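Asks: Heads up, the sequence shown is in full-length UniProt numbering, so the first residue is 1 and it goes up one at a time.
Glycine included, each C-beta is placed from N, C-alpha and C at the ideal position.
Every value quoted in this text rests on a predicted model; they were computed, and no experiment measured them.
Just passing along the structure, written as structure tokens.
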Amino acid sequence: MREGTAWLQGSRRRAFHGRQARHRRLISVTEENQPLTTTAARIADLKKRLGDAVLDKEAASAEKQHAKGKKTARERIAQFVDQGSFVEFDTFVKHRTTAFGMDRNRPAGDAVVTGMATIFGRRVAVYAQDFTTFGGSLGEVAGEKIVKIMDYALDLKIPLVAILDSGGARIQEGVVALGKYAQIFKRNTAASGVIPQISIVMGPAAGGAVYSPALTDFVVMVDKSSHMFVTGPDVIKTVTGEEVGFEELGGARTHNEVSGVAHYLAADEDDALDYVRALLSYLPDNNRAEVPAYDHTSARVVNDQDQKLNTVIPDSPNQPYDMLTIIESLMDDNEFLEVQGLYAPNIVIGFGRLEGRSVGVIANQPKSMAGTLNIEAGEKAARFMRFCDAFNIPVLTLVDVPGYLPGTDQEWSGVIRRGAKLLYAYAEATVPLVTVITRKAYGGAYIVMGSKHLGADINIAWPTAEIAVMGGQGAVNILYRGHLKDAETNGEDVDAVRKQLADDYTYNVASPYLAAERGEIDGVIEPAETRVAVAKAFRFLRSKEIERPDRKHGNIPL
């Protein structure tokens, strides 16, 4: 009993001393936090916490990023939005992972900065990944923050801009990170065609991280500093033995010139942010909003600059010219924001304004591949057309197309199916469509490029236009094969005979006046009158509404 009593007494002493120790710790904490009973102290505590979460973290981030010639996530947002307009969300949230020692490193805000702001006074939702925190990797909490701001953007019907700089999924968190990617992709899809979505890639985007920007409307990449790929160089070498560098595999130039994943190649971060600010100025907030309208003089009178269009088209039908010259001449203040300028340069797409209102432009480019349509050009224009149609942006089409690019490579790569995408995009569009034929409009390519019977509202042509199944030279070689053979037999100048026959065909069969007589186009105008005519057409078409049959969705030939 004494031994038992001694054990009990010892136990009570240990418990007593333990309670004393806990009491001393409690007193210590209470004394330390005693000032928090006042409002001033609580405000001071908030400032300290904000300092720890923002200022101290930002200072550490700046040191790392500036050494690489980059900005921090918050610096990027601050430069991008209107001064002082950014309202940050979830500044204090921390990850909940304890594995792999993660519980000893729980920075406030995790690896992404999210919030809302204004650009030119218009609301936008924005998030920027912080590469200095866990390499910008996506974990549970970072994913929750992104999903939350995406939901806000969709609920408020405002544009969403993502500034990406991430090493991918956070491997310490396993499948949870992958689940967050899926939630992000689902929201990208839900927002598609409802609010504009723009991705600015300012660092790596690897693995699953690449699919969110791929689902957005526009992707901007920074030369030499941003990369996107599903599998990196090391994995490719291990699996296939192929050696390739980061830049060649998934650099900004590769995705702007070769893959077509990106829409603009920025020289640096400043250029990327400026481009997206300019891009947003052309876009409505959502699919129900009107396109932005700015004060501008009405285009009702032909001016001296318009007269220059009368000399743009060369006398030779095979001599190239720069379609951008025509586009810029038609736009307010000669301003045109080109999209995907380095990819499929044989077709030009982008935004401008007529009488202060946004318009999308699709135009063949005669100085690249003679303006022929190929798979890449068709897909580029089709996606742009569908974006404009989704957001009620009228489309101006400028046509100078000799046909589809011939060759086994095109046929075997699926030009039939993939080329049909542009046809589908024009045919399903309900926005105002105005088409101007400047020179060649041959064969199936004529049909696809905003023809009257495909659904364009107003189709006009210049007197230099040639509208036919094919060009004069090709038609003569088929129609007058025997005649040319006889000319050769008789010792005549076959080239001269062919040219005369081709000229006759062009004048009698491909004449724009013949197309106008048959109602295939609405009229023939002097080039100098184009700006006034197009502006007038869009003015009249502003109230256009088309009812489509009820359906879940169409089945575009993807």
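Below 8 Å on the Cβ atoms is my guess for I198 versus V161; work out the distance and round it to an integer in Å.
Replies: What you label residue 198 is simply residue 198 of the sequence shown in a count that begins at 1. What you label residue 161 is simply residue 161 of the sequence shown in a count that begins at 1. At roughly 5 Å, the Cβ-Cβ gap stays under 8 Å, so I198 and V161 are in contact.
Asks: In terms of alpha-carbon separation, which member of E428, I467 and P345 lies closest to G403?
Replies: What you label residue 403 is simply residue 403 of the sequence shown in a count that begins at 1. If we check each option's Cα against that of G403, I467 comes out closest.
Asks: Reducing DSSP to helix, strand and coil, say where M449 ends up.
Replies: In the sequence shown, counting from the first residue as 1, residue 449 sits at position 449. The answer is coil: DSSP assigns M449 none of H, G, I, E or B.
Asks: The alpha helix (DSSP H) that contains P512, what's its start and end?
Replies: Position 512 of the sequence shown, counted from the first residue, corresponds to residue 512. First-last of the alpha helix (DSSP H) with P512: P512 to E517.
Asks: Per DSSP, what kind of secondary structure is T133 in: helix, strand or coil?
Replies: The count along the sequence shown starts at 1 and reaches residue 133 at position 133. Correct three-state label for T133: coil.
Asks: Among residues of its own chain, excluding the 5 on either side of F89, which ones have a beta-carbon nearer than 6 Å to its beta-carbon?
Replies: As a first step, residue 89 is located in the sequence shown; it is residue number 89 there, counting from the start. In the same chain as F89, and ignoring 5 residues on each side of it, the C-beta atoms closer than 6 Å to its own belong to T114 and G115, in chain order.
Asks: Can you look up K434 in the DSSP assignment and give me helix, strand or coil?
Replies: In the sequence shown, residue 434 corresponds to position 434, counting from 1. The residue asked about is misnamed: residue 434 is Val in this sequence, not Lys. In this structure, V434 counts as strand in the three-state DSSP scheme.
Asks: Give me whichever residues DSSP pairs with K440 in a beta bridge.
Replies: To locate residue 440, count along the sequence shown from 1; it is residue 440. According to DSSP, which records beta bridges pairwise, K440 is partnered with E466.
Asks: L337 lies in the beta strand (DSSP E); which residues open and close that run?
Replies: Counted from its first residue, the sequence shown places residue 337 at position 337. Its beta strand (DSSP E) spans residues F336 to V339.
Asks: Grab me the residues of D103's own chain with a C-beta within less than 8 Å of its C-beta, minus the 5 sequence neighbours each way, in chain order.
Replies: As a working note, residue 103 is residue 103 in the sequence shown. If we look at D103 and ignore the five residues flanking it on each side, its Cβ neighbours are T97.
Asks: What number of angstroms, rounded off, separates the C-alpha of N374 from the C-alpha of E140?
Replies: Position 374 of the sequence shown holds residue 374. Position 140 of the sequence shown holds residue 140. Looking at the two C-alpha atoms, the distance is approximately 43 Å.
Asks: For R2, which residues of its own chain have a beta-carbon under 6 Å away from its beta-carbon, when the five flanking residues on both sides are left out?
Replies: Translated into positions along the sequence shown, residue 2 becomes position 2. Unreliable positioning characterises R2 in this predicted model, as indicated by a pLDDT of 43, which lies under 50. The coordinate reading is nonetheless provided below. So no residue of the chain qualifies.
Asks: By alpha-carbon positions, which one of P317, G350 and E488 ends up nearest to V401?
Replies: In the sequence shown, counting from the first residue as 1, residue 401 sits at position 401. Among P317, G350 and E488, the Cα nearest to that of V401 is on P317.
Asks: Over what stretch of residues does the beta strand (DSSP E) that includes A206 continue unbroken?
Replies: Walking along the sequence shown from the start, residue 206 turns up at place 206. It spans Q197 to A206 - the beta strand (DSSP E) in which A206 sits, taken as one unbroken run.
Asks: Could you compute how far the alpha carbon of E172 sits from the alpha carbon of A99?
Replies: To locate residue 172, count along the sequence shown from 1; it is residue 172. To locate residue 99, count along the sequence shown from 1; it is residue 99. Note that residue 172 is Gln in the sequence shown here, rather than Glu. The alpha-carbon atoms of Q172 and A99 are separated by roughly 7 Å.
Asks: Can you look up S28 in the DSSP assignment and give me helix, strand or coil?
Replies: As a first step, residue 28 must be located in the sequence shown, where it is residue number 28. At S28 the pLDDT is 40, less than 50, meaning the model places this residue with poor confidence and gives no usable figure here.
Asks: Skipping 5 residues on each side, what residues in its chain have a beta carbon closer than 7 Å to that of H263?
Replies: Locating residue 263 in the sequence shown gives position 263, counting from the first residue. F218, V219, V220, V339 and Q340.
Asks: What's the C-alpha gap between A516 and R498?
Replies: Locating residue 516 in the sequence shown gives position 516, where the first residue counts as 1. Locating residue 498 in the sequence shown gives position 498, where the first residue counts as 1. In a straight line, the C-alpha of A516 is about 27 Å away from that of R498.
Asks: Identify the residues that DSSP records as bridge partners of residue 571: which are they?
Replies: Here the chain has residues from 1 to 558 only, and residue 571 is not among them.
Asks: Looking only at its own chain, which residues have a Cβ that is under 8 Å from the Cβ of E529, when we skip the five neighbours before and after it?
Replies: In the sequence shown, counting from the first residue as 1, residue 529 sits at position 529. So the list reads V302 and D306, once near-sequence residues are dropped.
Asks: Tell me, which residues are paired with N364 by DSSP?
Replies: If you number the sequence shown from 1, residue 364 lands on position 364. Partner(s): I347.
Asks: Would you call E379 buried or exposed, if buried means 16 or more other Cβ atoms sit within 10 Å of its Cβ?
Replies: Residue numbering aside, residue 379 sits at position 379 when the sequence shown is read from its first letter. So E379 ends up on the buried side.
Asks: Where do the ends of the alpha helix (DSSP H) carrying S166 lie?
Replies: Counted from its first residue, the sequence shown places residue 166 at position 166. Segment L160 to S166 is the beta strand (DSSP E) holding S166; no alpha helix (DSSP H) there.
Asks: So what's A21 in DSSP terms, helix, strand or just coil?
Replies: Locating residue 21 in the sequence shown gives position 21, where the first residue counts as 1. Annotation note: pLDDT 46 at A21 (below 50); position unreliable, no value reported.
Asks: Could you tell me how far apart the beta carbons of T506 and I313 are, in whole angstroms, since I believe they sit closer than 8 Å?
Replies: Translated into the one-based positions of the sequence shown, residue 506 becomes position 506. Translated into the one-based positions of the sequence shown, residue 313 becomes position 313. Their Cβ separation, rounded to whole angstroms, is 14 Å, which puts T506 and I313 out of contact at 8 Å.
Asks: In angstroms with no decimal places, state the Cα-to-Cα distance between A205 and F134.
Replies: Within the sequence shown, the letter at position 205 stands for residue 205. Within the sequence shown, the letter at position 134 stands for residue 134. For A205 and F134, the distance between alpha carbons rounds to 14 Å.
Asks: Just the Cα atoms here: how many angstroms apart are I347 and T438?
Replies: For the purposes of this step, residue 347 is identified with residue 347 of the sequence shown, where counting begins at 1. For the purposes of this step, residue 438 is identified with residue 438 of the sequence shown, where counting begins at 1. For I347 and T438, the distance between alpha carbons rounds to 14 Å.
Asks: What residues in its chain sit with their C-beta under 6 Å from that of L541, if we drop five residues either side in the sequence?
Replies: Residue mapping note: residue 541 aligns to position 541 of the sequence shown, counting from 1. Answer for L541: P432 and D457, listed in chain order.
Asks: Classify T132 as buried or exposed, calling it buried when 16 or more other Cβ atoms lie within 10 Å of its own Cβ.
Replies: Within the sequence shown, residue 132 is the residue found at index 132, counting from 1. Classification for T132: buried.
Asks: Whose C-beta lies closer than 8 Å to the C-beta of V235 among residues of the same chain, with five residues either side of it excluded?
Replies: Translated into positions along the sequence shown, residue 235 becomes position 235. Non-local C-beta neighbours of V235 in its own chain, meaning closer than 8 Å and more than five positions away in sequence, are absent.
Asks: Could you tell me the distance, in whole angstroms, from the CA atom of N364 to the CA atom of V399?
Replies: To locate residue 364, count along the sequence shown from 1; it is residue 364. To locate residue 399, count along the sequence shown from 1; it is residue 399. So the two alpha carbons sit approximately 6 Å from each other.
Asks: Would you mind reading off the limits of the beta strand (DSSP E) that contains T397?
Replies: Within the sequence shown, the letter at position 397 stands for residue 397. Unbroken beta strand (DSSP E) run through T397: V395 to V401.
Asks: Beta-carbon within less than 6 Å of S298's beta-carbon, same chain only, minus the 5 sequence neighbours each way: which residues are those?
Replies: As a first step, residue 298 must be located in the sequence shown, where it is residue number 298. If we look at S298 and ignore the five residues flanking it on each side, its Cβ neighbours are E355.
Asks: Round the Cβ separation of G250 and H227 to the nearest angstrom and send it over; I've been treating them as touching at under 8 Å.
Replies: Position 250 of the sequence shown, counted from the start, is the residue given in the question as residue 250. Position 227 of the sequence shown, counted from the start, is the residue given in the question as residue 227. Their Cβ separation, rounded to whole angstroms, is 5 Å, which keeps G250 and H227 in contact under 8 Å.
Asks: Can you tell me whether K71 is buried or exposed, with buried defined as 16 or more other CB within 10 angstroms of its CB?
Replies: Taking the first residue of the sequence shown as position 1, residue 71 is located at position 71. Counting Cβ neighbours within 10 Å, K71 comes out buried, since at least 16 surround it.
Asks: Enumerate in chain order the residues of its own chain whose CB-to-CB distance from V494 is below 7 Å, with the five nearest sequence positions on each side excluded.
Replies: As a working note, residue 494 is residue 494 in the sequence shown. Excluding sequence neighbours, V494 sits near L484, A487 and E488.
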